[in-house]
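A.B. asks: First to last, the sequence lines map onto chains A and B.
So the first sequence is residues 1 to 401, counted in the numbering used here.
So the second sequence is residues 1001 to 1376, counted in the numbering used here.
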Amino acid sequence: MNIEFGPELERFRKEVAEFLDHAPTPEIREAGRKTTSVFAPFEQAIAWQKILHAKGWVAPAWPVEHGGTGWSIEQRYIFAEEYRKRRLPPLLPNGLMMVGPMLIELGTEEQKRRHLPQILAGEVYWTQGYSEPNAGSDLASLQCSAVADGDDYVINGSKIWTTLAHQANRMFMLVRTSRTGKKQEGITFLLLERTDYPGMEIRPIIGLDGFPEQCEVFFDNVRVPQSGRVGAENDGWSVAKHLLKHERGGSAASPAMLHNIAQIREASKQTPSPFGGLLADDPVFQRDLGELEADVLSYRCFEQLAISGHPMVRDAAYPSMNKTMNSELSQRVSILMARVSGIGTAPLQIEALTVGSGVAPLGDDFDLIAMPYYLNTRATSIYAGTNEVQRDLIARSMQAS
Amino acid sequence: MDFSFTEEQVMLRDSVARYLDKDYGFEARRALLRSGAPWSKEAWRRFAELGVLALALPEDTGGLGGAVSDLVPVAETFGEHLTVEPWAFSLVLAGGALAAADGNPAARGYLAGLASGDAVGAFAYDEGRGIASPAQIAMAAQPSGDGFVLSGEKRLVFAAADADFMVVAARAAGKAGDADGLVLLLVDPKAAGVALTPFRTQDGRSAAHLRFDAVAVPAANVLARDAHDLIAKLVSDAILVLAAEAVGAMGALLRLTSAYANTRKQFGVAIGTFQAVAHRLADMKIAHAKAYATLMYSTALAETGRLTARDVSVLKAQVGKLGRAVAEAAVQTHGGVGMTDELSVGHYLKRVLAFEAIFGASDYHFRKVGAPAEAA
Chain A
1 MNIEFGPELE RFRKEVAEFL DHAPTPEIRE AGRKTTSVFA PFEQAIAWQK
51 ILHAKGWVAP AWPVEHGGTG WSIEQRYIFA EEYRKRRLPP LLPNGLMMVG
101 PMLIELGTEE QKRRHLPQIL AGEVYWTQGY SEPNAGSDLA SLQCSAVADG
151 DDYVINGSKI WTTLAHQANR MFMLVRTSRT GKKQEGITFL LLERTDYPGM
201 EIRPIIGLDG FPEQCEVFFD NVRVPQSGRV GAENDGWSVA KHLLKHERGG
251 SAASPAMLHN IAQIREASKQ TPSPFGGLLA DDPVFQRDLG ELEADVLSYR
301 CFEQLAISGH PMVRDAAYPS MNKTMNSELS QRVSILMARV SGIGTAPLQI
351 EALTVGSGVA PLGDDFDLIA MPYYLNTRAT SIYAGTNEVQ RDLIARSMQA
401 S
Chain B
1001 MDFSFTEEQV MLRDSVARYL DKDYGFEARR ALLRSGAPWS KEAWRRFAEL
1051 GVLALALPED TGGLGGAVSD LVPVAETFGE HLTVEPWAFS LVLAGGALAA
1101 ADGNPAARGY LAGLASGDAV GAFAYDEGRG IASPAQIAMA AQPSGDGFVL
1151 SGEKRLVFAA ADADFMVVAA RAAGKAGDAD GLVLLLVDPK AAGVALTPFR
1201 TQDGRSAAHL RFDAVAVPAA NVLARDAHDL IAKLVSDAIL VLAAEAVGAM
1251 GALLRLTSAY ANTRKQFGVA IGTFQAVAHR LADMKIAHAK AYATLMYSTA
1301 LAETGRLTAR DVSVLKAQVG KLGRAVAEAA VQTHGGVGMT DELSVGHYLK
1351 RVLAFEAIFG ASDYHFRKVG APAEAA
């Protein structure tokens, strides 16, 4: 066994730390502190992406020839660890972590040439058009249709949970192109180069935290070019499955959780216990905090084994196990944050949460984000395949053995 | 980073597993327990031949000079086979205490016997309802001349009735709660004033409660003074090895239970096809993965001498809690048959519960992890 990263990797860590300590602007840092879901405040996330792009560090996981860093998996983990523990805003994932890697594997040369540089530069933002009002976990039931007409497809129907569609200028989507045979076999994967085609209407949905993050998108005879198709017609399900593996991929999630736990511990030193004294000295609180931290540390061990290339990652259930652990631990962290904040979570603070508003929070930053973070984190066990679906997949992997 | 075992470690583990698969199957184990023997002398002899007794003992007294982390893969295999031999207690705890007693002639004599399999040691540590931290030790070692006089009780001393020697942790000064004033003493189990109440544990091991009534210990048998840190180190080593056994047991439970759920039919279908059962299986797999990853990471830390008390608390608490969850889910999934003595499932449950109970239960260790650093 060898637990060390080695001296060259520790030098790399220093280089990363140095850059991350100095490169972000105050607005970008503020956006990081006010990030309460997977999606950071849009403008600052894009501004930060442009800085990282200039440095050449915007796409750690992409191959070098497409603008990636060429980093090893350990370097990527170290980068993610240093990044997450500074509470910098995460880059918007749809282009960099989903469409980009998918196109690198499955796109035509023309599609790669056209889209990859724009994705890296932060010039485009891709929203995901998968779910529909009647197709959530059972995604293959989707009904939004595309009919070939000349060089175009004509799209009719609607999509929902299209994250940040109101800010997006690109969309990748699944459409139904055939109603014969198995429902998975009549689906096609399309890239839309605009989100303002005639007949396309985007309606933001206000989330539980009071902010519009998700949207509904309606299509009324929307004409889009067939050149945006990825893979063959009616073969979109396999493209989507390919892409899903990027969505469920194992990044470094434990450093951000450990950062939150450190904040909880600090907050507990200022928080009165209902029994008198401080919460930090309350044995029940200590036990509960320790139980959560121990579980996050176990998850960290799991992540470390994964990046070391342990055979465990070749288990068919690995992505589902990772997603389930990660999402449920985040939820438990969010619950404890809200518990420590107590009535500090009561005020609705839309303005103070808005980057650049200049409105000071009631309470401190911890109180400001505790409730919106708690509320948004409910989504982690719903998106990317509900945890019920993940557990089905994990159990299925146990039938073979 | 690399969390795999070396070729040597894997070869040793595999030879132990081959022997146990062949001669220490579940029915052989049941027969052994029915025979009334404290453990299998034959298995002990084979362990000696394979080198797993000498593995972590010092080289100058016949050991192989390995580290406690070398014991982990073997311990996992022992857990899978539910072995009842006092391996961890005799070698890691009692043997570790002797090895630390730099050059003590009495200790050296027993060390050679431990490595060859001719001697077995017991470690008398627990008191009352269980001791999580050495500082809580209260049993008195009254200074007398250059030696001590022991009076009081020790509980759950594994292998005590058949041990050739005992290492007793006791308090020469101060009061329970003090880190200072602890000693480790070498005691003959047959010495005048030592009374044993032997019993079989729920998970098949041989142990005893002990009473010491003015037992004189000469200066030559004082293994360590100011022994708090040493005792804590021995307990930490034992937790690592016993956690590996528990994780081995969890792995066995996972395999047995998925196989059962995929073959046992009710309402015309395999019960594993019911979502409530399937999701319990998924949770078992997640729990095992967490416990396993924590064990592997802790082992790598131990190998570099960087395993802190806090890391040990995380390991102890997580394996205890997750082990219980996996074992209880296994019994539930097996239904009525899981409640019977003739199936191994319940025996694995008892093994992981035994791990959870000693050296501080999960709640204690969780609180240690959660307490502010300065108080931990």
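Every residue gets a Cβ at the ideal spot worked out from N, C-alpha and C, and that includes glycine.
Which full runs of the beta strand (DSSP E) of 3+ residues lie inside the stretch 356-396 of chain A, going along the chain?
C.D. replies: Listed in chain order, there is nothing to give.
A.B. asks: Indicate whether at least one CB of chain A lies closer than 8 Å to the CB of I1271(B).
C.D. replies: Chain A contact via Cβ: absent.
A.B. asks: Between the stretch 359-373 of chain A and the stretch 21-32 of chain A, do at least 3 Cβ pairs fall closer than 8 Å?
C.D. replies: Result no; under three Cβ-Cβ pairs closer than 8 Å.
A.B. asks: Interface residues of chain B around N2(A) at Cβ under 9 Å?
C.D. replies: Going along chain B in sequence order, the residues near N2(A) (Cβ under 9 Å) are M1001, D1002, F1003, A1300, E1303, T1304.
A.B. asks: Using DSSP with H/G/I as helix, E/B as strand and the rest coil, what is I46(A)?
C.D. replies: Residue state, collapsed to three classes: helix.
A.B. asks: Evaluate the contact criterion for the stretch 285-298 of chain A versus the stretch 1361-1373 of chain B: three or more CB pairs, one atom per stretch, below 8 Å.
C.D. replies: In short, these stretches touch, since the Cβ pair count reaches three.
A.B. asks: If you drop the 5 nearest sequence neighbours on each side, which residues of the same chain put their C-beta closer than 7 Å to that of A1054(B)?
C.D. replies: Result list for A1054(B): G1062, G1063, L1064, A1115, in chain order.
A.B. asks: Run through DSSP, which three-state label would V38(A) get?
C.D. replies: Of the three classes helix, strand and coil, the one that applies to V38(A) here is coil, per DSSP.
A.B. asks: Please determine if the stretch 1007-1018 of chain B and the stretch 1292-1301 of chain B are in contact, where contact requires at least 3 C-beta pairs separated by less than 8 Å.
C.D. replies: No, the stretch 1007-1018 of chain B does not touch the stretch 1292-1301 of chain B.
A.B. asks: Which one or two residues does DSSP pair with S1270(B) in a beta bridge?
C.D. replies: With the sequence shown as reference, residue 1270(B) is identified as Ala, and Ser is not the correct amino acid for it. According to DSSP, A1270(B) bridges with K1265(B).
A.B. asks: Please report whether the beta-carbon of M325(A) lies at a distance below 8 Å from any beta-carbon of chain B.
C.D. replies: Chain B contact via Cβ: present.
A.B. asks: Ordered along the chain, which non-local residues of its own chain (more than five positions away) have a Cβ less than 8 Å from that of M257(A)?
C.D. replies: Excluding residues within five positions, the ones whose Cβ falls inside 8 Å are V296, Y299, L329, S330, V333.
A.B. asks: Would you say A80(A) lies against chain B (beta-carbon separation less than 8 Å)?
C.D. replies: So, not an interface residue.
A.B. asks: For F1199(B), report the span of its beta strand (DSSP E) as first-last.
C.D. replies: Where F1199(B) is concerned, the enclosing beta strand (DSSP E) stretches over 1194-1200.
A.B. asks: How many Å lie between T377(A) and V389(A) at the Cα?
C.D. replies: Each residue's alpha carbon lies about 18 Å from the other.
A.B. asks: To the nearest angstrom, how far is the alpha carbon of L980(B) from that of T1304(B)?
C.D. replies: The question about residue 980(B) has no answer here: the residues shown for chain B are numbered 1001 through 1376.
A.B. asks: Nearest chain E C-beta to D1188(B) closer than 8 Å, yes or no?
C.D. replies: In summary, chain E is missing from the structure at hand, where the protein chains are A and B.
A.B. asks: So the candidates are A1037(B), E1076(B), E1042(B), A1056(B); which of them puts its Cα closest to the Cα of A1246(B)?
C.D. replies: It is E1076(B).
A.B. asks: If we define contact as Cβ-Cβ less than 8 Å, is M371(A) a contact residue for chain B?
C.D. replies: By this cut-off, M371(A) is not an interface position.
A.B. asks: Any contact between the stretch 169-176 of chain A and the stretch 185-199 of chain A? By contact I mean 3 or more CB pairs, one from each, below 8 Å.
C.D. replies: Touching, yes, given that three or more Cβ pairs across the two stretches are closer than 8 Å.
A.B. asks: Verify the CB distance criterion: does H1279(B) have a CB-CB separation below 8 Å to chain A?
C.D. replies: At least one chain A Cβ lies under 8 Å of H1279(B).
A.B. asks: Report yes or no: is there a C-beta of chain A within less than 8 Å of the C-beta of M1250(B)?
C.D. replies: Judged by the 8 Å Cβ criterion, M1250(B) is not in contact with chain A.
A.B. asks: If you check the beta carbons only, do R391(A) and A1278(B) fall under 8 Å apart?
C.D. replies: For R391(A) and A1278(B), yes; Cβs fall inside 8 Å.
A.B. asks: Are any of the Cβ atoms in chain A nearer than 8 Å to that of D1363(B)?
C.D. replies: Closer than 8 Å: yes.
A.B. asks: When DSSP builds the beta bridges, which residues end up paired with W161(A)?
C.D. replies: None, per the DSSP bridge assignment.
A.B. asks: Is it right to say A1238(B) is buried, meaning 16 or more other beta carbons lie within 10 angstroms of its own, or is it exposed?
C.D. replies: Buried, since its Cβ has 16 or more Cβ neighbours within 10 Å.
A.B. asks: Looking only at its chain, what residues have a beta carbon closer than 7 Å to the beta carbon of T1197(B), apart from the 5 residues adjacent to it on each side?
C.D. replies: Closer than 7 Å at Cβ, skipping near neighbours: A1208, H1209.
A.B. asks: Can a CB atom of chain A be found closer than 8 Å to the CB of F1366(B)?
C.D. replies: It does: the Cβ of F1366(B) has a partner Cβ on chain A nearer than 8 Å.
A.B. asks: Report the partner residues of S1151(B) according to the DSSP bridge assignment.
C.D. replies: Its beta-bridge partners are A1140(B).
A.B. asks: Can you give the Cα-Cα distance for M200(A) and E216(A), rounded to whole angstroms?
C.D. replies: Each residue's Cα considered, the two are about 11 Å apart.
A.B. asks: What residues in its chain sit with their C-beta under 6 Å from that of S341(A), if we drop five residues either side in the sequence?
C.D. replies: Hits under 6 Å: D367, A370.
A.B. asks: Can you tell me where the beta strand (DSSP E) with V124(A) in it begins and where it stops?
C.D. replies: Element bounds for V124(A): n/a, residue is neither H nor E.
A.B. asks: Run through chain B and tell me which residues come within less than 9 Å of S381(A), C-beta to C-beta.
C.D. replies: The premise fails here: S381(A) is roughly 13 Å from chain B at the closest Cβ pair, so nothing lies under 9 Å.
A.B. asks: Compile a chain-ordered list of the residues in the stretch 291-305 of chain A whose CB is closer than 9 Å to at least one CB of chain B.
C.D. replies: Those residues of the stretch 291-305 of chain A that come within reach of chain B (Cβ to Cβ, closer than 9 Å) are E291, L292, E293, A294, D295, L297, S298, Y299, R300, C301, F302, E303, Q304, L305.
A.B. asks: Once the 5 residues before and after A1138(B) are set aside, which same chain residues still bring their CB inside 7 Å of it?
C.D. replies: Closer than 7 Å at the Cβ level, and outside the excluded window around A1138(B), lie E1127, R1171, A1176.
A.B. asks: Spatial neighbours of L1230(B) within its chain, please: CB distance less than 6 Å, with the 5 preceding and 5 following residues excluded, ordered by chain position.
C.D. replies: The answer, listed in chain order, is A1100, A1224.
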